[in-house]
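Down below is the structure, laid out as structure tokens.
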Amino acid sequence: MNPWLQKSFLIVSVTLLLAACQTKVPPTTRVTASVCPPTEIVAPTKPQPPTYVASRWDQLPDWGSQELAPSWAAFQQSCRGLKNKPNWKAVCDRVWQVETTDNATLRGFFEANFTPYQIINPDGSEQGLITGYYEPRLTGSRTQTERYRFPLYAAPDDLLEIDLTEVYPQLKGMRLRGRLSGKKVVPYFNRADIDAGKPPLKGRELFWVDNAVDLFFLQIQGSGRIAQPDGTLTKVGYADQNGHPYISIGKKLIEMGELKAEQASMQGIKQWGERNPDKLSALLEQNPSYVFFRELPDSLSAPLGALGVPLTNEYSIAIDPRSVPLGSPVFLATTRPNSETPLNRLMLAQDTGGAIKGGVRADFFWGYGDQAGAQAGKMKQKGRMWIFYPNGSVPSVANGSASSMGVN
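Those letters in the sequence shown? Residues -19 to -1, 1 to 389, by mature numbering (1 follows the signal peptide of the UniProt record, and there is no 0).
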């Protein structure tokens, strides 16, 4: 097809597709004329942005007693991804001029170069949900066997990444994916399609693993390691996603009366799956989102976040980039999992996630292995967040408004 005609065709087709998909992703893989009115394009509902209130340093809990060296190392990683961004270049250039890393020096650097802005939700509340994630270890093989029968897929060749933001700026921040079906652009296959008896991704298997629930949670975590029968341990990381919205199966189990709210942790869901193997597939299909993976080099020290730099155990968070500038320092005031013990720490916003939506919302990266998984699985805390933004600038995400309230 002529490239210009193909581009024009994609724009028209995807525009019609989006009109059908703004509030609910269609359960089919077809788009019909009866669903999409030919004379009207429905714009997606734009989420209300948070506000950012400039604060004093003494308003940050335990700021004066922070152990800042680990946060500083994570901030240096952020600067590798931010060094060419206009608002960040000057301050990141100064990072490499700091010769001593004692707490007083580092605290002085942050206070001299940044202003802390507290994030306030659109409804005026200061608190939001803080969850946890980690890098799991799965058991698998490159060969399908009776034991290893659940496939971990690479990104498919027919997955289209659709960008219409130049025409429709309101689509910025939306993950739009699709595929060609004849002369139409249609939604990509959902989880039920992919897990069906004749999987449309056959031939794209990277590994086969031995546990469907572990595979499901690997997709939620976004990275992990596959332990193979010969002792090889291979790192895998996020490659792409099918474009369907993330739906929490924990919430589904609560709605179904299968679990109480306090039981709907990762561990609780896994235990439910062990007790109800006949219901498991139907439950997993309630989440149409599907993540594809790629192999990562052994030399990589940690999983790569959305910023493109390695994550730091217990000092990196995933955020909603529409509300928090990716790469920025974020002071988090929350509590440790299943407790009221304060966890007040300078974190770095180095990752994103399909379930991480909103202003005061973060996913705390605990690291690799079972111990990290135990912490991540039970973390469902309330918390407050402050963005550190370079002096002379204000947070410029999602058109949120900044004010000087609280500085005096």
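Heads up, the beta-carbon is just placed ideally off N, CA and C, and yes, glycines get one too.
- Message: One question on the structure: do L292 and F312 come within less than 8 Å of each other, judged by their Cβ atoms?
- Response: no
- Item | Classification of V148 by the beta-carbon crowding that lies within 10 angstroms, buried from 16 upward | exposed
- Under 8 Å, do I337 and Y33 count as touching if we go by C-beta distance? no
- How is L307 classed by DSSP in three states: helix, strand or coil? coil
- Item | Span separating the alpha-carbon of Q40 from that of G364 | 14 Å
- What are the boundary residues of the alpha helix (DSSP H) that includes D221? No alpha helix (DSSP H) contains D221, which is instead part of the beta strand (DSSP E) from 214 to 222.
- Query: Is the Cβ-Cβ distance between S36 and P97 less than 8 Å?
  - Reply: yes
- Task: Under the assumption that L281 contacts K216 (Cβ atoms under 8 Å), give the Cβ distance between them as a whole number of angstroms.
- Result: 6 Å
- Message: Does Q202 pass the burial test, meaning 16 or more other C-beta atoms within 10 Å, or should it be called exposed?
- Response: buried
- Item | Neighbourhood of A283 by C-beta, 6 Å cutoff - its chain only, sequence neighbours within 5 removed | P291, L292
- Query: Out of K66, E92, N68, Q29, which has the shortest C-alpha to C-alpha gap to L49?
  - Reply: E92
- Decide if Q47 is buried, meaning its Cβ has at least 16 other Cβ atoms within 10 Å, or exposed. buried
- Message: Between which residues of its own chain and S374 is the CB-CB distance below 8 Å, once the five residues before and five after are set aside?
- Response: N68
- Query: Taking C-alpha atoms, which residue in E321, P132, P302, P376 lies nearest to L288?
  - Reply: P302
- Counting only the same chain and skipping the five closest in sequence on each side, list residues whose C-beta sits under 6 Å from that of L196. F131, V190
- Item | Through-space distance from S297 to Q244, alpha-carbon basis | 26 Å
- Under the DSSP definition of a beta bridge, which residues are partnered with L133? F188
- Task: Please go through the stretch 145 to 180 and give each complete beta strand (DSSP E) segment of 3 or more residues, from N-terminal end onward.
- Result: 158 to 162, 165 to 167
- May I ask you to list the residues that DSSP assigns as paired with E142? R158
- Message: Quick check on N65: buried or exposed, where buried means 16 or more other Cβ atoms within 10 Å of its Cβ?
- Response: exposed
- Locate the beta strand (DSSP E) running through K361, then write down its first and last residues. 361 to 371
- Task: Give a single yes or no on whether E243 has its beta carbon closer than 7 Å to a heavy atom of the ligand MG.
- Result: The model depicted lacks the ligand MG and carries no ligand whatsoever.
- Task: Determine contact between the stretch 105 to 120 and the stretch 338 to 345, defined as no fewer than three beta-carbon pairs at a distance below 8 Å.
- Result: yes
- Excluding the 5 residues preceding and the 5 following K251 in the sequence, name in chain order all residues of the same chain whose CB lies nearer than 6 Å to its CB. V194
- Would you report the Cα separation of L307 and T146, rounded to the nearest angstrom? 19 Å
- Rounded to whole angstroms, what's the CA-CA distance from G159 to L140? Just pull it up for me. 6 Å
- Who are the Cβ neighbours of L214 in its own chain at under 6 Å, not counting the five residues just before and after it? R206, A208
- Query: Leaving out five residues before and five after E21 in sequence, what residues of the same chain have Cβ atoms less than 6 Å from its Cβ?
  - Reply: At E21 the pLDDT is 44, less than 50, meaning the model places this residue with poor confidence; the figure from the coordinates comes in the next sentence. For E21, where only same-chain residues beyond five positions count, there are no Cβ hits under 6 Å.
- Task: For M237, count neighbouring C-beta atoms within 10 Å of its own C-beta (all shown protein chains included) and say buried if the count is 16 or more, exposed if not.
- Result: exposed
- Query: When burial is assigned at 16 or more other CB atoms within 10 Å of the CB, is V(-6) buried or exposed?
  - Reply: Its pLDDT being 46, under 50, V(-6) is placed unreliably by the model, and nothing is read from it.
- Taking DSSP as the reference, what is the three-state secondary structure of C17? The pLDDT assigned to C17 is 39, lower than 50, so where the model puts this residue is not dependable, and the model offers no usable value.
- By Cβ distance, which residues of its chain are closer than 7 Å to N372, with the 5 residues on each side in sequence left out? N94, F95, T96
- Can you check DSSP and say which residues form a bridge with Y345? Note on identity: in this sequence residue 345 is Phe, with Tyr being the wrong assignment. Paired residue(s): G113, I298.
- Task: Quick one: using the 10 Å Cβ neighbour count with 16 as the cut-off for buried, is V79 buried or exposed?
- Result: exposed
- Just confirm the distance between the C-beta atoms of I228 and Q267, as a whole number of angstroms; I'd bet it's less than 8 Å. 6 Å
- Message: Please identify the residue among P269, K359, L285 whose C-alpha is closest to the C-alpha of E276.
- Response: L285
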